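Chemist:
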Amino acid sequence: MINHPIFILSAMNMGSFRSILLLTYVLTVTCVAKAQDDHQIFIGQKADVVQKLVADEVQGHYNAGGYLVKMSAHTIDYKGKPVTIVLCKENVLNGSINKGINLCINYFIAGDIVAYIATEYKNLSESEVKNGLLSAGNLTNVAGYYFEKDYQYYHHLVNTKEGLVVDEYRKTVLEQLPASVREQLKMISGKW
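Quick note: to get the numbering used here, add 27 to the position in the sequence shown (first position is 1).
1) Cα separation between Leu204 and Leu130?
2) Mind checking which residues open and close the beta strand (DSSP E) that includes Asn133?
3) Once the 5 residues before and after Gln211 are set aside, which same chain residues still bring their CB inside 8 Å of it?
4) Is DSSP giving Val119 helix, strand or coil here?
5) Quick check on the DSSP output: what are the complete beta strand (DSSP E) runs of length 3 or more inside the stretch 80–120, in order along the chain?
6) Restricting to Cα atoms, I'd like to know which of Thr102, Gly92, Ala91 and Val96 is closest to Ala74.
7) If contact is defined by three or more beta carbon pairs under 8 Å, each pair taking one atom from either stretch, is the stretch 176–183 in contact with the stretch 117–131?
8) Among the residues of its own chain, which have a CB less than 6 Å from the CB of Phe174, if the five just before and after it don't count?
9) Check whether the Cβ atoms of Leu184 and Asp194 sit closer than 8 Å, and answer yes or no.
10) Can you find the residues in the same chain that come closer than 6 Å, C-beta to C-beta, to Lys97, ignoring five residues on each side of it along the sequence?
11) Quick one: is Leu114 buried, meaning 16 or more other Cβ sit within 10 Å of its Cβ, or exposed?
12) Quick one: is Tyr134 buried, meaning 16 or more other Cβ sit within 10 Å of its Cβ, or exposed?
13) If you drop the 5 nearest sequence neighbours on each side, which residues of the same chain put their C-beta closer than 6 Å to that of Tyr119?
14) How many Å lie between Val156 and Lys106 at the Cα?
15) On the DSSP bridge list, what partners appear for Asn168?
See the structure below:
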(Lines of atoms letter the chains of each structure in order from A; the text may use other names.)
(Lines give C-alpha, C1' and ligand atoms only; values in the text may rest on other atoms or scores of the structure.)
Protein backbone atom coordinates (compact mmCIF):
# COMPACT_ATOMS: atom_id res chain seq x y z
CA MET A 28 0.00 0.00 0.00
CA ILE A 29 1.23 3.51 -0.83
CA ASN A 30 1.67 5.64 2.28
CA HIS A 31 1.01 9.07 0.74
CA PRO A 32 -1.62 11.46 2.21
CA ILE A 33 -3.62 11.61 -1.03
CA PHE A 34 -3.89 7.83 -1.26
CA ILE A 35 -4.71 7.55 2.43
CA LEU A 36 -7.57 10.06 2.03
CA SER A 37 -8.90 8.31 -1.05
CA ALA A 38 -8.88 5.02 0.82
CA MET A 39 -10.95 6.47 3.69
CA ASN A 40 -14.71 6.43 3.50
CA MET A 41 -16.42 9.80 3.01
CA GLY A 42 -17.86 9.83 6.55
CA SER A 43 -14.38 9.80 8.06
CA PHE A 44 -13.20 12.42 5.58
CA ARG A 45 -16.10 14.72 6.55
CA SER A 46 -15.27 14.20 10.23
CA ILE A 47 -11.66 15.23 9.59
CA LEU A 48 -12.81 18.33 7.68
CA LEU A 49 -15.21 19.26 10.47
CA LEU A 50 -12.51 18.77 13.11
CA THR A 51 -10.08 20.91 11.09
CA TYR A 52 -12.71 23.65 10.78
CA VAL A 53 -13.50 23.60 14.52
CA LEU A 54 -9.80 23.75 15.44
CA THR A 55 -9.22 26.64 13.03
CA VAL A 56 -12.18 28.64 14.37
CA THR A 57 -11.10 27.95 17.96
CA CYS A 58 -7.54 29.11 17.26
CA VAL A 59 -8.75 32.29 15.53
CA ALA A 60 -11.17 33.06 18.38
CA LYS A 61 -8.39 32.49 20.95
CA ALA A 62 -6.04 34.76 18.98
CA GLN A 63 -8.69 37.49 18.96
CA ASP A 64 -9.25 37.10 22.72
CA ASP A 65 -5.50 37.48 23.27
CA HIS A 66 -5.70 40.93 21.61
CA GLN A 67 -8.45 42.34 23.81
CA ILE A 68 -7.77 44.61 26.74
CA PHE A 69 -9.75 43.95 29.90
CA ILE A 70 -10.02 45.03 33.51
CA GLY A 71 -7.46 43.15 35.60
CA GLN A 72 -4.92 42.85 32.77
CA LYS A 73 -1.27 43.70 33.48
CA ALA A 74 -0.08 47.17 32.43
CA ASP A 75 2.88 45.95 30.35
CA VAL A 76 0.57 43.69 28.31
CA VAL A 77 -1.80 46.63 27.72
CA GLN A 78 1.08 48.86 26.60
CA LYS A 79 2.18 46.21 24.10
CA LEU A 80 -1.36 45.62 22.77
CA VAL A 81 -1.95 49.36 22.32
CA ALA A 82 1.42 49.82 20.57
CA ASP A 83 0.72 46.80 18.34
CA GLU A 84 -2.71 48.18 17.41
CA VAL A 85 -1.30 51.55 16.39
CA GLN A 86 1.64 50.00 14.51
CA GLY A 87 -0.54 47.37 12.82
CA HIS A 88 -3.01 50.03 11.76
CA TYR A 89 -0.37 52.11 10.00
CA ASN A 90 1.43 49.09 8.57
CA ALA A 91 -1.86 48.09 6.93
CA GLY A 92 -2.11 51.51 5.30
CA GLY A 93 -4.98 52.70 7.49
CA TYR A 94 -4.68 56.43 6.94
CA LEU A 95 -8.39 57.33 6.98
CA VAL A 96 -8.49 56.73 10.74
CA LYS A 97 -5.73 58.48 12.66
CA MET A 98 -4.36 56.78 15.77
CA SER A 99 -1.95 57.74 18.50
CA ALA A 100 -0.97 56.39 21.89
CA HIS A 101 0.96 57.47 24.95
CA THR A 102 1.49 56.47 28.55
CA ILE A 103 1.22 58.76 31.56
CA ASP A 104 3.73 57.74 34.24
CA TYR A 105 4.07 58.56 37.91
CA LYS A 106 7.43 57.78 39.53
CA GLY A 107 8.33 55.53 36.61
CA LYS A 108 5.13 53.46 36.76
CA PRO A 109 2.31 53.74 34.21
CA VAL A 110 -0.88 55.21 35.67
CA THR A 111 -2.81 55.73 32.43
CA ILE A 112 -2.34 54.26 28.97
CA VAL A 113 -4.13 56.32 26.32
CA LEU A 114 -5.18 55.24 22.82
CA CYS A 115 -6.76 57.97 20.66
CA LYS A 116 -8.55 57.45 17.37
CA GLU A 117 -9.94 60.03 14.96
CA ASN A 118 -12.56 59.44 12.28
CA VAL A 119 -13.59 55.95 13.38
CA LEU A 120 -16.49 55.03 11.12
CA ASN A 121 -19.63 53.71 12.76
CA GLY A 122 -22.64 52.77 10.65
CA SER A 123 -25.21 53.20 13.41
CA ILE A 124 -24.09 56.75 14.19
CA ASN A 125 -23.33 57.60 10.56
CA LYS A 126 -20.29 59.81 11.15
CA GLY A 127 -16.63 59.56 12.01
CA ILE A 128 -16.08 59.31 15.76
CA ASN A 129 -13.18 60.92 17.61
CA LEU A 130 -12.34 59.21 20.89
CA CYS A 131 -9.64 58.46 23.43
CA ILE A 132 -9.63 55.24 25.43
CA ASN A 133 -7.95 55.65 28.82
CA TYR A 134 -6.79 52.50 30.59
CA PHE A 135 -6.37 53.51 34.23
CA ILE A 136 -3.76 51.45 36.05
CA ALA A 137 -3.65 50.67 39.78
CA GLY A 138 -1.29 48.13 41.30
CA ASP A 139 0.14 47.38 37.82
CA ILE A 140 -3.23 46.20 36.42
CA VAL A 141 -6.12 47.87 34.57
CA ALA A 142 -8.51 49.16 37.25
CA TYR A 143 -11.08 50.64 34.86
CA ILE A 144 -11.46 51.92 31.31
CA ALA A 145 -12.82 55.36 30.39
CA THR A 146 -13.61 56.22 26.78
CA GLU A 147 -13.84 59.96 26.02
CA TYR A 148 -16.02 60.79 23.03
CA LYS A 149 -14.87 64.08 21.52
CA ASN A 150 -17.70 64.63 19.03
CA LEU A 151 -20.71 62.64 20.26
CA SER A 152 -23.61 63.71 22.44
CA GLU A 153 -24.68 61.75 25.49
CA SER A 154 -27.74 60.42 23.62
CA GLU A 155 -25.54 59.18 20.73
CA VAL A 156 -23.23 57.35 23.15
CA LYS A 157 -26.22 55.94 25.07
CA ASN A 158 -27.84 54.73 21.84
CA GLY A 159 -24.55 53.09 20.85
CA LEU A 160 -24.37 51.26 24.18
CA LEU A 161 -27.97 50.10 24.01
CA SER A 162 -27.71 48.99 20.38
CA ALA A 163 -24.86 46.67 21.39
CA GLY A 164 -27.50 44.72 23.34
CA ASN A 165 -27.32 42.63 26.50
CA LEU A 166 -27.09 45.64 28.82
CA THR A 167 -29.52 46.31 31.66
CA ASN A 168 -30.11 49.97 32.51
CA VAL A 169 -30.34 50.56 36.25
CA ALA A 170 -30.68 54.30 36.94
CA GLY A 171 -28.09 55.24 34.29
CA TYR A 172 -25.70 52.38 35.04
CA TYR A 173 -25.61 49.93 32.12
CA PHE A 174 -24.81 46.47 33.47
CA GLU A 175 -23.67 43.50 31.44
CA LYS A 176 -25.98 40.51 31.69
CA ASP A 177 -23.99 38.85 34.50
CA TYR A 178 -23.79 42.17 36.41
CA GLN A 179 -20.02 41.75 36.85
CA TYR A 180 -19.22 44.93 34.86
CA TYR A 181 -21.05 48.12 33.99
CA HIS A 182 -20.88 51.29 31.89
CA HIS A 183 -21.70 54.68 33.35
CA LEU A 184 -21.84 57.88 31.29
CA VAL A 185 -20.33 61.03 32.75
CA ASN A 186 -20.40 64.55 31.29
CA THR A 187 -17.20 66.51 31.87
CA LYS A 188 -16.98 70.25 32.45
CA GLU A 189 -15.28 70.45 29.03
CA GLY A 190 -18.47 69.13 27.43
CA LEU A 191 -17.18 65.64 26.67
CA VAL A 192 -19.12 62.44 27.23
CA VAL A 193 -17.09 59.74 29.01
CA ASP A 194 -18.13 56.08 29.16
CA GLU A 195 -16.62 54.65 32.34
CA TYR A 196 -16.38 50.86 32.21
CA ARG A 197 -15.83 49.31 35.64
CA LYS A 198 -16.00 46.08 37.56
CA THR A 199 -19.09 46.03 39.77
CA VAL A 200 -18.26 46.68 43.42
CA LEU A 201 -21.61 46.95 45.13
CA GLU A 202 -20.39 49.18 47.97
CA GLN A 203 -19.15 51.79 45.48
CA LEU A 204 -22.52 52.20 43.75
CA PRO A 205 -25.20 54.68 44.85
CA ALA A 206 -27.69 53.23 47.35
CA SER A 207 -30.61 53.45 44.89
CA VAL A 208 -28.67 51.45 42.29
CA ARG A 209 -27.68 48.83 44.90
CA GLU A 210 -31.30 48.36 45.94
CA GLN A 211 -32.50 47.99 42.34
CA LEU A 212 -29.69 45.53 41.59
CA LYS A 213 -30.66 43.40 44.57
CA MET A 214 -34.26 43.27 43.33
CA ILE A 215 -33.36 42.58 39.68
CA SER A 216 -30.54 40.10 40.03
CA GLY A 217 -31.26 38.52 43.40
CA LYS A 218 -27.49 38.20 43.59
CA TRP A 219 -26.49 40.49 46.44
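For every residue, glycine included, the Cβ atom is placed at its ideal position computed from N, Cα and C. None of the values given here were measured: they were computed from a predicted structure.
Modeler: Taking the structure as given:
1) 26 Å
2) Lys126 to Ala137
3) Val169 and Ala170
4) strand
5) 97–105
6) Measuring from the Cα of Ala74, the nearest candidate turns out to be Thr102.
7) no
8) Around Phe174: Thr167 and Tyr181.
9) In this structure, Asp194 lies closer than 8 Å to Leu184 by Cβ.
10) Glu117
11) Flag for Leu114 reads buried.
12) buried
13) Reading the sequence as shown, one finds Val at residue 119 and not Tyr. Only Val96 and Ile128 meet the Cβ criterion.
14) 35 Å
15) Tyr173
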